[in-house]
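Residue numbers (my numbering), protein chains in the order written: chain A, 20 to 531; chain B, 20 to 531; chain C, 20 to 531. Notes follow once the structure below has been shown.
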Amino acid sequence: MRRTMALKVLPVVGAGLLIVLAVPGLASADTLDAYSNSNGGVKDTVGLNSVGINSMWVIVAGMVVMFMQAGFMFLEIGFSRQKNAGTIVAKVLTNFSIAAVMWYLIGFALAFGKEPGGLTGLVGGTGFLLKGFGDPLEGFPVMSVSNATVEAKFFFQFVFCAVSLAIVWGSTLERIKFGVYAIYAVVFSAIIYPIGAHWVFGGGFLQAGDWLGTGLVGMQDFAGSTAVHLIGATGALAVLLLLGPRKGKYGADGKPRAIPGHNMPLFGLAVMVLWLGWFGFNPGSTLNVQDGRFTEIVLVTNLAAACGVLGALLMSRVMQKTLDIGMAGNGAIGALVAITAPSGYVELWAAIPIGLIAGLIIPPSVLWIDKKLDDPVGVLTAHGICGIWGTLSCGLFTSPRFAQYNAFGDPNGGLLYSGSPAQLVAQAIGLMVAFSFVFAMSYTTFFLIKKTYGLRVTEEEEDAGLDISEHGMYGYPEQFIPPAELIGYGGGPSSTVPPAPIPALATKESTA
Amino acid sequence: MRRTMALKVLPVVGAGLLIVLAVPGLASADTLDAYSNSNGGVKDTVGLNSVGINSMWVIVAGMVVMFMQAGFMFLEIGFSRQKNAGTIVAKVLTNFSIAAVMWYLIGFALAFGKEPGGLTGLVGGTGFLLKGFGDPLEGFPVMSVSNATVEAKFFFQFVFCAVSLAIVWGSTLERIKFGVYAIYAVVFSAIIYPIGAHWVFGGGFLQAGDWLGTGLVGMQDFAGSTAVHLIGATGALAVLLLLGPRKGKYGADGKPRAIPGHNMPLFGLAVMVLWLGWFGFNPGSTLNVQDGRFTEIVLVTNLAAACGVLGALLMSRVMQKTLDIGMAGNGAIGALVAITAPSGYVELWAAIPIGLIAGLIIPPSVLWIDKKLDDPVGVLTAHGICGIWGTLSCGLFTSPRFAQYNAFGDPNGGLLYSGSPAQLVAQAIGLMVAFSFVFAMSYTTFFLIKKTYGLRVTEEEEDAGLDISEHGMYGYPEQFIPPAELIGYGGGPSSTVPPAPIPALATKESTA
Amino acid sequence: MRRTMALKVLPVVGAGLLIVLAVPGLASADTLDAYSNSNGGVKDTVGLNSVGINSMWVIVAGMVVMFMQAGFMFLEIGFSRQKNAGTIVAKVLTNFSIAAVMWYLIGFALAFGKEPGGLTGLVGGTGFLLKGFGDPLEGFPVMSVSNATVEAKFFFQFVFCAVSLAIVWGSTLERIKFGVYAIYAVVFSAIIYPIGAHWVFGGGFLQAGDWLGTGLVGMQDFAGSTAVHLIGATGALAVLLLLGPRKGKYGADGKPRAIPGHNMPLFGLAVMVLWLGWFGFNPGSTLNVQDGRFTEIVLVTNLAAACGVLGALLMSRVMQKTLDIGMAGNGAIGALVAITAPSGYVELWAAIPIGLIAGLIIPPSVLWIDKKLDDPVGVLTAHGICGIWGTLSCGLFTSPRFAQYNAFGDPNGGLLYSGSPAQLVAQAIGLMVAFSFVFAMSYTTFFLIKKTYGLRVTEEEEDAGLDISEHGMYGYPEQFIPPAELIGYGGGPSSTVPPAPIPALATKESTA
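This is the structure we're talking about:
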């Protein structure tokens with residue numbers, strides 16, 4: 020009985036089963052017995068199947084969300100100049116790693132742990148080091164909607180935190196000191212994000228509604244237009260205000276000058292990776308697959324992104340008289356950010372206005388912000404403005420069939436269905452609270468860094484590029500190092516010479 | 020009862036269970052009760068598990084197929100010159116987005132909806148805007164083989180449509196007007212592809228067989244060698260005939276000249292992404308996982324691709340006296356295209372001849388077509404010729420155990436098993452019908468575009484490159500913009516200068 | 020009865036179900052009946068669900084492990100010079116393809132087949148061509164822990180073999196003859212890897228313990244720190260000793276000179292792809308999802324990798340006075356290699372010391388090895404030294420709750436728990452046996468190749484680069500081909516000129 024039984028061919032019959040007959044290697048249902056310990060064995064296996072399925076979905080979704088780090092990496096690389104491309108690799112690895120450790124030590128507990136007495140609605144307090152959370156399904160109340168394992172949920176929520184942190188840095192390219200990443204990453208992933216996320220979608224007061232007896236309905240943010248994207252963009256705004264623009268960005272007349280990134284193909288890779296990741300981001304936030312809801316969310320997500328691309332291209336044509344590649348890509352990203360909050364609450368058709376409007380917003384917002392703030396990848400627009408739009412859109416489009424999710428009250432859905440602004444008000448207040456908290460915390464943190472460690476590299480280092488100044492190497496050495504110093508080029512009569520015979524190269528190193 | 024019960028450790032026993040004892044975070048089967056509403060609860064959960072599993076597989080498979088867009092993006096980028104690399108990013112985003120909208124509005128209903136009376140075998144007619152399809156399992160008869168949700172199937176079929184559309188443009192690189200993409204994308208994803216796909220694998224007359232009382236067996240095309248790849252390649256042929264070759268491709272003597280793409284590493288990325296995507300493409304077409312068939316199809320797919328690489332390299336060695344990198348990659352792609360139709364019908368061993376022959380075909384076909392038609396990425400070979408080979412191969416290799424899939428008649432498998440050419444004839448007729456329809460529709464569409472909007476950029480724009488002429492920017496600005504105009508280079512004594520100090524650069528912009 | 024029944028809305032109730040009410044497209048549990056053939060139907064479906072879930076997880080995990088080929092591709096591309104970048108694409112495709120065929124013909128059977136009489140502990144002997152393995156669950160005893168299909172397991176184990184093979188070549192960049200790849204790939208994937216893997220984690224004598232009556236406990240290597248990574252690195256050492264360093268690597272004084280790779284962004288892509296792949300590599304090695312263990316392993320894997328990055332950066336700061344980008348990435352890789360063996364046996368906290376130590380080892384080991392051996396990507400450190408560390412770490416950190424996995428004896432876990440060095444000794448002996456076998460086999464193979472076909476290209480070819488010398492083309496043509504020879508540049512007054520007007524370019528081709 021400790022051996023599985025021999026297999027036999029299963030005469031599976033059924034309406035339209037594609038393949039009817041025996042398949043070599045197909046395990047029989049009899050193997051089920053091997054997993055059963057009693058008469059209740061079938062039931063146990065059913066339960067294990069259920070846990071297994073849901074955990075698998077959460078992990079797979081988490082994997083593509085984790086891979087969004089590559090998306091942010093290439094978004095920033097694409098929009099940087101060659102001399103600042105390599106540092107981004109080190110930056111993403113460092114940030115993600117610090118966040119992983121802090122999330123394990125502190126972040127997860129604050130964001131999703133059980134609230135201690137006296138801190139109701141404010142912060143979680145169990146599950147530090149993923150220990151002591153008690154009953155897995157009760158320890159993290161807001162995630163008890165799914166029977167996926169705690170570890171699966173931990174992973175999924177960690178990669179959300181890491182996305183939010185990655186968003187912060189889009190406004191800081193090409194002039195920030197590397198150490199700033201590390202310091203802020205600790206504070207952000209241990210404190211700022213966990214508390215903000217707890218309030219918005221970790222069971223905190225914004226999600227619960229009726230806070231301070233106001234009778235407000237709870238905020239709706241299914242996968243984090245506010246909790247992940249706006250929080251990240253708020254950090255990006257805080258650091259940008261203290262950091263200032265890149266050298267040369269604004270002319271003597273105060274007008275912005277274009278500093279094109281060096282590699283649109285890698286930007287294209289970024290957009291594809293992020294789009295893919297969003298199929299984990301939104302549908303994965305169901306934390307289960309059994310009710311099939313996640314497949315609806317896949318469609319909502321994809322349709323919104325598509326409309327975002329089309330909206331951004333349309334507006335680029337109108338405003339810029341061309342079809343800007345960066346706008347097209349940011350149209351997708353902005354629409355994906357916008358649909359993140361409502362994806363769990365709206366009908367499929369609503370993805371069209373939500374995504375389209377996000378796309379239409381992109382070009383004017385990017386161009387307008389560029390006049391005053393040097394935000395190289397457009398994070399303030401794509402994650403900030405579109406995050407706000409997406410969060411508010413719940414107040415308009417939430418379908419009655421999902422309105423009961425609100426813990427308190429029943430607005431019967433968004434304004435378009437219910438005629439009531441109740442949800443919209445809750446969204447607006449939630450936005451303001453989350454923004455204010457994160458901005459205050461982040462500005463303070465960056466201010467302290469500025470006064471002590473410093474935020475910005477020297478002008479000389481900025482000229483030389485962060486790759487050589489912060490890492491002692493180039494991201495693309497053959498574009499910068501003179502042939503005479505490169506090994507393997509120009510050696511003998513039959514050899515090639517390198518591609519970049521730069522006459523007057525004067526790097527920090529060669530002048531030293 | 021609205022709370023899940025406390026967990027207890029499950030004393031799971033069984034033959035070889037790797038981990039026997041309690042695992043923190045492991046939900047007990049008791050949580051199952053939370054999902055049960057009656058004595059039939061276990062059964063309900065089993066059903067939900069079943070729907071959840073199959074939907075998850077379809078979505079995960081769809082995700083990697085969606086990511087094949089990145090594969091096509093980098094296939095085309097790699098084979099383009101630097102001045103035409105950025106436009107491809109915008110093109111892929113635009114195409115995919117238009118297709119997403121059209122598929123939602125029209126395409127899915129035509130391809131997979133229930134056929135209206137009088138149009139039996141020709142076109143579906145329910146499910147526009149994913150509404151009104153009635154019973155989910157009956158509304159789309161051909162997909163009722165799986166209990167995955169309609170939304171999951173919609174997504175999976177949409178990404179197929181998007182792949183087919185992406186294939187079209189491989190023959191048009193470096194000289195087509197951007198607007199052509201948009202116009203044709205609408206027609207293709209709303210009309211051409213849905214009708215063609217319906218005929219071949221959406222339940223239409225080619226699949227059903229016995230059309231017009233001919234007694235023919237149904238065509239076999241498991242995942243779309245014809246329905247996706249040949250249809251795409253047919254569009255590529257139609258546009259190419261009207262578009263003509265790139266400037267300089269053919270010398271005064273009429274002989275082709277090599278125009279090497281600019282980036283083989285990114286071509287390598289493309290091949291890996293496409294190969295990965297095919298594990299969704301073919302095995303995902305089972306639409307379910309319960310019978311384990313999908314795992315057999317994974318192996319068939321992988322083995323064919325491997326043999327395709329080896330076949331192409333062998334033939335490259337013979338014909339070109341070298342090991343052409345592009346041929347190796349196209350060997351994989353061509354073999355994957357070829358195995359797409361038979362993957363659901365053949366035994367594992369048959370992957371070897373199917374893939375190997377596809378690979379062997381690649382070099383002679385690419386070199387032969389290149390003499391007359393300027394097809395930069397080799398789409399006519401990889402998706403056209405290999406699509407034909409793959410479709411025909413069912414007629415040779417279909418195993419008796421899968422032969423009953425034919426809706427009509429029973430040829431007992433391919434020629435090698437049955438001695439009957441019945442399946443082969445059905446395949447050949449199907450190919451001709453699909454090709455004729457798509458070619459006629461596409462040629463007409465492109466002809467009308469040519470006569471009105473125009474297909475091709477001006478010679479001056481072609482010289483300058485599509486990035487600057489269609490998008491007002493470069494894909495790799497630092498390779499094209501003179502140092503004096505680049506911000507952040509050459510500024511002060513300690514700064515670097517950019518990598519490409521091109522002496523006589525005269526772009527469209529700087530001359531304007 | 021051959022039609023599925025009409026659906027009805029399921030009134031699913033339960034504790035915290037996010038979405039309670041009817042969802043269009045949600046298949047009812049009644050559809051379950053369609054799959055049932057008897058009163059035992061529910062049970063059969065449960066069994067099919069179980070097989071389906073586990074097979075899906077193994078396939079999905081296998082897919083991301085397969086995609087690690089792209090990771091190794093870009094790891095090597097990033098660390099190569101531009102003139103040697105394209106060949107790596109062809110190399111990866113060729114290796115993976117040869118391995119796929121050999122694994123099908125021979126490898127899988129030797130590694131995981133049932134041992135023939137007289138060869139107990141040494142080598143498998145059933146399952147050639149995936150045939151004749153008898154009972155799927157008994158035919159491959161070591162994998163009978165899971166009811167996933169044999170095909171799923173075959174695929175998963177194949178991609179492991181392919182990873183091991185890919186690792187071999189990291190030490191050979193920029194000077195090896197292309198044919199060497201092909202010859203060794205045959206031997207490695209048919210003989211060397213299968214036998215080594217069989218011993219370590221295929222049920223062979225190292226895994227079983229008590230060999231030759233020694234009473235030793237079995238070696239622990241959950242996912243292959245030794246079986247995959249050290250075996251690959253051992254091959255890399257063998258070929259490197261026979262191949263020698265790149266031209267110019269060591270100066271007249273014998274001191275190493277830095278030959279920087281050409282593209283750190285693509286190296287960054289590699290690290291992200293590999294990190295993603297490891298979520299398949301380690302957690303997928305459970306071969307099932309039902310017990311939730313795989314989610315714990317996800318966390319262990321991620322935390323170790325994060326600590327590896329931080330450890331490597333810390334040590335880079337100390338030793339190199341900078342934050343080396345390559346060290347940061349190799350810190351992740353080295354830690355992932357290290358956690359591969361213990362990931363299935365240790366508690367979450369242990370990921371921190373295991374990963375951190377791996378990261379700390381990276382810089383000194385890379386710098387030390389570089390003094391004598393020219394290992395461009397650092398494979399000897401990341402996969403060799405860290406593979407050894409990871410394998411040994413089981414002897415320290417294995418948790419008592421997983422100690423019973425040992426087939427023989429019961430050391431009650433690693434030294435830190437049990438005070439017993441039993442497991443540590445088993446690990447050390449296993450390492451030595453595996454290393455010795457693979458080194459002897461590989462050195463012999465490469466020695467024979469050197470004496471016949473030759474290992475190394477000529478000096479002239481090395482100067483020109485492997486792209487042009489082995490493949491007759493450039494990976495980045497516009498960086499090497501003079502403008503006058505490039506089509507489409509410099510044609511008319513309005514045209515652009517290419518980015519790299521190299522004055523004295525003398526390629527093999529243009530001088531010929």
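Ideal placement from N, C-alpha and C gives every residue a C-beta, glycine not left out.
Here Tyr-269/A carries a strand assignment [DSSP, helix/strand/coil]. At a C-beta separation below 8 angstroms, Ala-347/C has these neighbours in chain A: Val-108, Ala-109, Leu-112, Thr-113. Close partners of His-217/C in chain A (Cβ separation under 7 angstroms) are lacking, with about 20 angstroms as the shortest Cβ gap. Between Ala-377/B and Thr-341/A, the alpha-carbon positions lie close to 42 angstroms from each other.
Judged by their CB atoms, Val-120/A and Ala-325/C are nearer to each other than the 8 angstroms cut-off. Just measuring C-alpha positions, the residue of Gly-140/C, Gly-215/C, Pro-213/C, Leu-285/C sitting nearest Ala-104/A is Leu-285/C. Boundaries cannot be given for Lys-150/A, as no alpha helix (DSSP H) includes it and DSSP labels it neither H nor E. Looking at the DSSP output, Ile-195/B sits in a beta bridge with Arg-475/B. Taken in chain order, the unbroken stretches of alpha helix (DSSP H) that lie wholly in the segment 255-310 of chain B and span 4 residues or more are 283-300.
Measuring C-alpha to C-alpha distances from Leu-375/A to each of Tyr-200/A, Trp-408/A, Lys-274/A, Ile-388/A identifies Trp-408/A as the nearest. Put simply, the CB of Ala-441/B is far from chain C, with every gap to its CB atoms at 8 angstroms or more.
In this structure, Val-290/B places its C-beta atom within 8 angstroms of the C-beta atom of Ala-351/B. Contact between Ile-344/C and His-490/A is confirmed by a C-beta separation of about 5 angstroms, below the 8 angstroms threshold. By the rule that beta-carbons nearer than 8 angstroms mark a contact, Phe-298/A does not touch chain C. With its beta carbon at least 8 angstroms from every one in chain B, Lys-469/A lies outside the interface. With a threshold of 8 angstroms between beta carbons, Ser-74/B makes contact with chain A. For Pro-372/A, the enclosing alpha helix (DSSP H) stretches over residues 370-389.
Contact residues of the segment 304-317 of chain A toward chain B are Asn-307, Val-308, Gln-309, Asp-310, Gly-311, Phe-313, Thr-314, Glu-315, Val-317 (C-beta to C-beta distance below 8 angstroms).
Counted as a single uninterrupted DSSP element, the alpha helix (DSSP H) harbouring Asn-321/C occupies residues 312-339. Scanning chain C for C-beta atoms nearer than 7 angstroms to the C-beta of Ala-171/A yields Thr-314, reported in chain order. Exclusion of the five residues before and after Ser-418/C leaves Tyr-364, Val-365, Glu-366, Gly-432, Tyr-436 as the residues of its chain whose Cβ lies within less than 7 angstroms of its Cβ. Contact between Gly-81/C and Phe-174/C is confirmed by a C-beta separation of about 5 angstroms, below the 8 angstroms threshold. For Glu-504/B, no alpha helix (DSSP H) segment is defined, and its DSSP state is neither H nor E. Between the segment 239-252 of chain A and the segment 210-225 of chain A, the count of C-beta pairs closer than 8 angstroms reaches three or more; the two stretches touch. Contact between Gln-498/C and Gln-101/C is confirmed by a C-beta separation of about 6 angstroms, below the 8 angstroms threshold. For Gly-254/C, the nearest beta carbon of chain B is not closer than 8 angstroms to its own beta carbon. Per DSSP, the unbroken alpha helix (DSSP H) holding Asp-486/B starts and ends at 485-490.
The residue among Val-187/C, Leu-355/C, Val-457/C with its C-alpha nearest the C-alpha of Leu-295/C is Leu-355/C. A check of alpha carbon separations from Val-328/A across Met-346/A, Pro-279/A, Gly-243/A, Phe-93/A identifies Met-346/A as the nearest. The residues Val-308, in chain order, have a CB closer than 6 angstroms to that of Trp-76/A in the same chain once the five nearest residues on each side in sequence are set aside. Using a CB distance cut-off of 8 angstroms, Pro-496/A counts as an interface residue toward chain C. In this structure, the alpha-carbon of Gly-137/B lies about 42 angstroms from that of Val-396/B. Listed along the chain, the chain C residues whose CB falls inside 7 angstroms of the CB of Thr-341/B are His-490, Gly-491.
The residue among Glu-170/C, Leu-231/C, Val-219/C, Asp-393/C with its C-alpha nearest the C-alpha of Lys-274/C is Asp-393/C.
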